[in-house]
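Inspection log for the structure reproduced underneath, given as structure tokens.
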Amino acid sequence: MDLNPHAEESYAHPRICLFHVLFKAAALAFYILSALFVDSFVIIFVITVLLAALDFWVVKNVSGRILVGLRWWNEINDEGESVWKFECLDQEVSASYSLMKYSSCFLCYFFFSSMARMNKKDSWLFWWTLYLTAAAWLVLGIFSLIRFQADYLLVIGVCLTLSIANIVGFTKCRKVTFGVSSDAKKQIQAFASQTIASQFTSRLQSAFSV
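Below, the structure is given as structure tokens:
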């Protein structure tokens, strides 16, 4: 028997959450501690930027899609213009709605399993670590500026740029796809209700048929 019915929700994807935080913490920790253990600026630059780049890739392609159901990327069109592309979980569900209209079991399974991927704690961790990481790099940048460490400002500038790029990308994605989310859910709910009613009617007719 559960003695605490209001127990806090646990993380749905603990391993993904770990890697979402791991490279951020590693880049910051290495940069801060390198002043004590590493004398070569080249080594500090390469390793710190490498860890920040790995974090950028993990957030953009893995944790963003799994923890908050969002994905973004940037393309250059035929006219040479930069174009933002966004994807959200409900858009995938909506696409499956139009493609799988006659496969109700698969559609319902796809919808509910996709929605199960969303978790409040996962989402909270995702967004707050994005903001806090950028804030940490900004603070370190201010310290380097005060100490006139131009070379270290270069390292921080690269890491801060990668961090802000993900913040901007996912924030834009969330705003653009916010309206699509409710529409997709309404489509799925309407189709599920229609399918259940249709199956119930057909079974009722077959039961009373001679």
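For the sequence shown, my numbering puts the final residue at 210, and the numbers step up evenly by one. Glycine included, each C-beta is placed from N, C-alpha and C at the ideal position.
Suppose you measure from the CA of residue i to the CA of residue j; what does that come to, to the nearest Å?
{"i": "L132", "j": "F170", "result": "15 Å"}
{"i": "S63", "j": "I76", "result": "25 Å"}
{"i": "T220", "j": "G141", "result": "No answer is possible for residue 220: the residues shown for the chain start at 1 and end at 210."}
{"i": "I66", "j": "V139", "result": "29 Å"}
{"i": "N119", "j": "F23", "result": "22 Å"}
{"i": "D55", "j": "V168", "result": "15 Å"}
{"i": "N166", "j": "W73", "result": "10 Å"}
{"i": "V21", "j": "V38", "result": "24 Å"}
{"i": "A134", "j": "W128", "result": "10 Å"}
{"i": "F30", "j": "S10", "result": "30 Å"}
{"i": "L145", "j": "L153", "result": "7 Å"}
What residue from the options has the CA that sits closest to residue i's CA?
{"i": "S163", "options": "L18, I47, L51 and F41", "result": "L51"}
{"i": "D151", "options": "F23, H20 and I44", "result": "I44"}
{"i": "V176", "options": "V58, E87 and R15", "result": "E87"}
{"i": "C159", "options": "R174, R15, V68 and A26", "result": "A26"}
{"i": "C17", "options": "W57, S123 and N74", "result": "S123"}
{"i": "R174", "options": "L145, L153, W84 and F148", "result": "W84"}
{"i": "G157", "options": "Y11, L28, S82 and R15", "result": "L28"}
{"i": "G69", "options": "D78, H13 and A35", "result": "H13"}
{"i": "L130", "options": "Q149, F143, V58 and I146", "result": "V58"}
Spell out the partners DSSP gives residue i in its beta bridges.
{"i": "I76", "result": "S82"}
{"i": "L70", "result": "C88"}
May I ask which residues mark the beginning and end of the alpha helix (DSSP H) holding residue i?
{"i": "K120", "result": "K120 to I146"}
{"i": "D55", "result": "F41 to V58"}
{"i": "S34", "result": "P14 to F37"}
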